[in-house]
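The structure under discussion appears below in the form of structure tokens.
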Amino acid sequence: MSLVMATVKRDLLLAARNPGEWLNPLMFFLMVAALFPLAVDPDPKFLSKIAGGVIWVAALLATLLSLDALYKADVEDGSLEQWLASGESLYVLALGKALVHWIASGLPLTLMSPLLGLMMALPDDAFPALLLSLGVGTPVLSLLGAVGAALTAGVRSGGLLLSLLILPLYIPVLIFAASAVYHAGIGMSYNGQIGFLGAMLALAACLTPFASAAALKLNLSR
Amino acid sequence: MWQWLVRLYHRLGSPKWFYEITSRWIPWLVGLSVVGCAVGLVLGLLYAPADYQQGNSFRIIYIHVPAALLAQSAFMMMAVAGAVFLIWRMKMAAWVARSIAPVGASFCLIALLTGAIWGKPTWGTWWVWDARLTSMLLLLFLYFGVMALQRAIESEDASHRAGAILSLVGLVNIPIIKYSVEWWNTLHQPATLKLTEKPSMHPDMLVPLLIMIVTTYVFFALLVILRTRNEVLWHERKRSWVRDLLES
Amino acid sequence: MSTSFAPDSVDLIARSLYCERDDRVLFQHLDLHVSNGHLLQLAGPNGAGKTTLLRLLAGLNRDYDGELLWKGESLHKVYSEYAHDRLYLGHLAAIKRALSPIENLRWLMSPWMSEDRDHAVSEDQLWGALDQVKLAGYEETPCQQLSAGQQRRVGLARLAIVPTPLWILDEPFTALDVDGVRWLEEQIQRQVGRNGAVVITSHHALQNIPTLVRLDLGALAEQEGLL
Amino acid sequence: MEFNSFAEFLAMGRHGLYVWLSYGITAVIVVINVILPMMQRRRFLKEQRQRMRRERRNQTGEKQHASST
Chain W
283 MSLVMATVKR
293 DLLLAARNPG
303 EWLNPLMFFL
313 MVAALFPLAV
323 DPDPKFLSKI
333 AGGVIWVAAL
343 LATLLSLDAL
353 YKADVEDGSL
363 EQWLASGESL
373 YVLALGKALV
383 HWIASGLPLT
393 LMSPLLGLMM
403 ALPDDAFPAL
413 LLSLGVGTPV
423 LSLLGAVGAA
433 LTAGVRSGGL
443 LLSLLILPLY
453 IPVLIFAASA
463 VYHAGIGMSY
473 NGQIGFLGAM
483 LALAACLTPF
493 ASAAALKLNL
503 SR
Chain A
60 MWQWLVRLYH
70 RLGSPKWFYE
80 ITSRWIPWLV
90 GLSVVGCAVG
100 LVLGLLYAPA
110 DYQQGNSFRI
120 IYIHVPAALL
130 AQSAFMMMAV
140 AGAVFLIWRM
150 KMAAWVARSI
160 APVGASFCLI
170 ALLTGAIWGK
180 PTWGTWWVWD
190 ARLTSMLLLL
200 FLYFGVMALQ
210 RAIESEDASH
220 RAGAILSLVG
230 LVNIPIIKYS
240 VEWWNTLHQP
250 ATLKLTEKPS
260 MHPDMLVPLL
270 IMIVTTYVFF
280 ALLVILRTRN
290 EVLWHERKRS
300 WVRDLLES
Chain Y
112 MSTSFAPDSV
122 DLIARSLYCE
132 RDDRVLFQHL
142 DLHVSNGHLL
152 QLAGPNGAGK
162 TTLLRLLAGL
172 NRDYDGELLW
182 KGESLHKVYS
192 EYAHDRLYLG
202 HLAAIKRALS
212 PIENLRWLMS
222 PWMSEDRDHA
232 VSEDQLWGAL
242 DQVKLAGYEE
252 TPCQQLSAGQ
262 QRRVGLARLA
272 IVPTPLWILD
282 EPFTALDVDG
292 VRWLEEQIQR
302 QVGRNGAVVI
312 TSHHALQNIP
322 TLVRLDLGAL
332 AEQEGLL
Chain V
805 MEFNSFAEFL
815 AMGRHGLYVW
825 LSYGITAVIV
835 VINVILPMMQ
845 RRRFLKEQRQ
855 RMRRERRNQT
865 GEKQHASST
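If you read the sequences in order, they're chains W, A, Y and V.
Here the first sequence is numbered in the working numbering, starting from 283 and rising by one per residue.
Here the second sequence is numbered in the working numbering, starting from 60 and rising by one per residue.
Here the third sequence is numbered in the working numbering, starting from 112 and rising by one per residue.
Here the fourth sequence is numbered in the working numbering, starting from 805 and rising by one per residue.
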């Protein structure tokens, strides 16, 4: 366990030293959302209808951007090798890395989302749903994305490849989360959607670390 | 029984045995595919009655449905072969998995294109965000992902393993994706005319469909075997039996 | 720690190891026994499989045939105990450039720092080790401001503290200056002298160690007719 | 038989375009899938036969070279 804790601490320290790594995706999040009123229609009535979906698509893209770096440096500088040498469970380490990723990406996205909600004329009733869906949904994005990051860590220019692998897997999260926000906006219950997101989170937290651990070992063969 | 299974397993793991046995299978597979295709299409195109709602455009069913079914089961087979490779490190399984990917993706593409074409006379537009077509599209993306990943990783062993892991992750996700897409579809589209859902199909329509489904699986086996044999030859090129084969 | 290791604390056996990479056999019928007081140097031309063998012995790679035993049991079955008893220093240093030497060392040593272990490593020992590898005064400077040799010393500082009986070192002399080389030689001598064991890949000529055994993988391959 | 003439069969009751387009595209994809592995096999056999011939030439060349010195 000690190495996991040390790794979580070290990665948070690294994030604090290089704020660009997590700030840039946040700015990207903001910019993507700003494109829609400019490109489609700034009419608040129209915007409020698509707000939930647009914010979620932007969050998804911002997450993908930040995922590429998750394991790359650890593979290149030998940290991954030291993990394996330590004999500690790669499953727990993969879970720890996904947690760090969520703290540096999903959490700030969630906290920033009300600002985008205002920009996109999100109905007042939908704000809690937006926060809740992002709070439950973005950890799933981090967990699933970590598998892709582990698979492509050894590949040169793996960023685009990572998006290709992971985007189809993100669809269920996108569907339920965006629909939760939309339903909240028109005054309907969204418990079912959040419940489904919660179930996906539980499933992803149990299963994806296995895949990540197996994928991490690929980067060590030779 | 158990011993027989163990022996079969060891044989399946032997590339040479695979190559030799499939040499004998290929003529049969070709014959079955050609005959099945001919019978199925003649019955389907000439003898099956036209659909009372869709008219003759429903005859696309004889390629659309078999291709769609196959594309889904091919992904499952690819994942299972990948799992066999991951667990028992059987190289044959990795070669089979790699051979399935492009063939499965081809059938997925066929299902998508024929579905879109079928949509034109049925719904009046080339593309409708119908639940089945949408999940087919996502399945195609999953195939693309596996193939792109396999191509991008230089080390052969690592690329096999990465493909296997991704296809297993995809396999777990497919039911979730299908369910969520169907749920999303009921929200956004009031139940419209479904392409292939019939309360009961006339036997004259159903029999050719069943023939085409079986034929498609046989043909798929043939295509995968052809590709796997090439993998076997390439990897065993320095062994004496391939050299003997080249000499003859 | 000046006390020496228990006499049966190192017992690594390889039996008829076989390994191939990309359809090429690197070695076969390879037998090895590493026990207390041994120094094993893996030699051979580039591509002979030195690093591959080292990584197999370190337990980092399972892609082999044959047996690897640690204290009589399959190495991968007792891997977590084995990992605690051996130190692996890779060809890559696992140093984060944005972090300082002490922060890096703290992470590298974390498996041995938890308090429930015997002989847990203390924070003071980390500072002492950095002092030994001539990084005193640089402890809190980000590593990106240090030279390549200094960065390597951060990783090597582990040798001064880690209480493991077996060391597995991949090309540790790379990028070291004369002082560094001498210090490293002393550490290896000290480890062997206190009844520990070292397995090393290096082109560096190791002297003054009577228990040195060289295993030339190139010669072995020739003998087996693999070339 | 559902159709009375070949022309009627081709027309498919005004849906001929869609039906035959579907079958045509399928045929193209199927043919590509059959041809690709066959071409790959042919290329492999050709390359390997060439390689073996080259190796044999080199071997005999070496022997002659050895006997002449």
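We put the CB at the ideal spot given by N, CA and C, even for glycine.
Name the chain V residues that come within less than 7 Å of residue i, Cβ to Cβ?
i              : result
residue 179(A) : 822
residue 330(A) : Here chain A comprises residues numbered 60 to 307, so residue 330(A) is not present and cannot be evaluated.
Run through chain A and tell me which residues come within less than 9 Å of residue i, C-beta to C-beta.
i              : result
residue 848(V) : 289, 292, 293 and 296
residue 935(V) : One cannot answer for residue 935(V) here, as it falls past the ends of chain V, which runs 805 to 873.
residue 328(W) : Near residue 328(W) there are no residues of chain A at all, since even the closest Cβ is about 17 Å away, more than 9 Å.
Using the beta-carbon of each residue, which ones in chain A are nearer than 7 Å to residue i?
i              : result
residue 810(V) : Near residue 810(V) there are no residues of chain A at all, since even the closest Cβ is about 11 Å away, more than 7 Å.
residue 861(V) : Ordered by position in chain A, no residue passes the 7 Å Cβ test against residue 861(V), which lies about 15 Å from the chain.
residue 433(W) : 208, 221, 224 and 225
residue 429(W) : 228
residue 447(W) : 204, 208 and 225
residue 337(W) : The contacting residues do not exist; residue 337(W) stays about 17 Å from chain A at best.
Which whole-angstrom value describes the C-beta separation of residue i and residue j, a residue pair presumed to lie in contact below a C-beta threshold of 8 Å?
i              : j              : result
residue 320(Y) : residue 198(Y) : Not quite, the Cβ-Cβ distance comes to about 18 Å (not below 8 Å), so this is no contact.
residue 4(A)   : residue 273(A) : With chain A covering 60 to 307 only, the question about residue 4(A) has no answer from this structure.
residue 805(V) : residue 106(A) : 6 Å
residue 267(Y) : residue 244(Y) : 6 Å
residue 232(A) : residue 451(W) : 5 Å
residue 310(Y) : residue 145(Y) : 6 Å
residue 126(A) : residue 159(A) : Incorrect: roughly 15 Å between the Cβ atoms, too far for contact.
residue 370(W) : residue 286(W) : 7 Å
Going along chain Y in order, which residues have a C-beta closer than 9 Å to the C-beta of residue i?
i              : result
residue 439(W) : Near residue 439(W) there are no residues of chain Y at all, since even the closest Cβ is about 21 Å away, more than 9 Å.
residue 296(W) : 207, 209 and 210
Residues of chain W with CB closer than 9 Å to the CB of residue i, please, in chain order.
i              : result
residue 249(Y) : Within chain W, no residue comes near residue 249(Y); the closest Cβ sits about 17 Å away, beyond 9 Å.
residue 211(A) : 434, 437, 438, 439, 440 and 443
Show which residues of chain W have a CB atom less than 7 Å away from the CB atom of residue i.
i              : result
residue 351(A) : Only positions 60 to 307 of chain A appear in the structure, and residue 351(A) is not among them; the question remains open.
Show which residues of chain A have a CB atom less than 8 Å away from the CB atom of residue i.
i              : result
residue 461(W) : 243 and 246
residue 853(V) : 305
residue 479(W) : What residue 479(W) touches in chain A: nothing, since even the nearest Cβ is about 11 Å away.
residue 453(W) : 197, 236, 239 and 240
Residue i versus chain V: which residues are under 9 Å apart at the beta carbon?
i              : result
residue 176(A) : 821, 822, 823, 825, 826 and 829
residue 105(A) : 805, 806, 807 and 813
Just to make sure I have the definition right: I need the residues of chain V whose C-beta is within less than 8 Å of the C-beta of residue i. Which are they?
i              : result
residue 168(A) : 833
residue 173(A) : 826, 829 and 830
residue 122(A) : 826, 827 and 830
Show which residues of chain W have a CB atom less than 8 Å away from the CB atom of residue i.
i              : result
residue 158(A) : The contacting residues do not exist; residue 158(A) stays about 20 Å from chain W at best.
Run down chain Y in chain order and give the residues with a C-beta less than 7 Å from the C-beta of residue i.
i              : result
residue 284(W) : 221, 222, 224 and 225
Taking Cβ-Cβ distances below 9 Å as the criterion, which residues of the stretch 826-839 of chain V are in contact with chain A? 826, 827, 829, 830, 833, 834, 836, 837 and 838
Please name the residues in the stretch 299-311 of chain W whose beta-carbon is closer than 7 Å to at least one beta-carbon of chain Y, in chain order. 299 and 300
Any contact of the stretch 113-132 of chain A with the stretch 175-186 of chain A, i.e. 3+ C-beta pairs under 8 Å? yes
Alpha helix (DSSP H) segments (min. 4 residues) lying fully within the stretch 258-319 of chain Y: 259-272 and 289-304
Members of the stretch 357-381 of chain W that neighbour chain Y once the beta carbon cut-off is set at 8 Å: 358, 359, 360, 361, 363, 364, 366, 367, 368, 369 and 370
Taking only runs that begin and end inside the stretch 159-225 of chain Y, name each unbroken alpha helix (DSSP H) of 4 or more residues, in chain order. 161-169, 190-196 and 212-220
Hey, is the stretch 387-394 of chain W in contact with the stretch 437-450 of chain W, meaning 3+ C-beta pairs nearer than 8 Å? no
Would the stretch 432-447 of chain W and the stretch 182-193 of chain A be scored as touching if the rule is three or more Cβ pairs under 8 Å? no
Kindly confirm or deny that the stretch 364-374 of chain W and the stretch 410-426 of chain W touch, where touching means at least three C-beta pairs closer than 8 Å. no
Where the stretch 178-203 of chain A meets chain W: residues whose CB sits under 7 Å from a CB there: 197, 200, 201 and 203
For a minimum of 4 consecutive residues, which ranges assigned as the alpha helix (DSSP H) are wholly contained in the stretch 373-421 of chain W? 389-401
Using a Cβ-Cβ cutoff of 9 Å, what residues of the stretch 390-423 of chain W are near chain A? List them in chain order. none
Would you call the stretch 399-412 of chain W and the stretch 321-338 of chain W touching, i.e. three or more CB-CB distances under 8 Å? yes
With three or more beta-carbon pairs closer than 8 Å as the criterion, would you say the stretch 151-167 of chain Y touches the stretch 121-140 of chain Y? yes
Between the stretch 137-151 of chain A and chain W, which residues of the former have a C-beta closer than 8 Å to a C-beta of the latter? 145
Return the chain-ordered ranges of every alpha helix (DSSP H) run that is complete within the stretch 76-100 of chain A and spans a minimum of 4 residues. none
Assess contact between the stretch 248-266 of chain Y and the stretch 204-222 of chain Y, defined as three or more Cβ pairs (one per stretch) separated by less than 8 Å. Is contact present? yes
I'd like to know if the stretch 207-218 of chain Y and the stretch 170-184 of chain Y are in contact, where contact means that at least 3 CB-CB pairs between them fall below 8 Å. no
Between the stretch 309-333 of chain Y and chain W, which residues of the former have CB atoms less than 8 Å from a CB of the latter, in chain order? none
Do the stretch 137-152 of chain A and the stretch 806-816 of chain V make contact, defined as three or more Cβ pairs closer than 8 Å? no
Give, in chain order, every unbroken run of the alpha helix (DSSP H) that is at least 4 residues long and sits entirely within the stretch 94-167 of chain A. 120-147
Does the structure place the stretch 218-237 of chain A close enough to the stretch 130-143 of chain A that three or more beta carbon pairs sit under 8 Å? yes
Pairs of beta-carbons, one from the stretch 375-386 of chain W and one from the stretch 463-476 of chain W, closer than 8 Å: are there three or more? no
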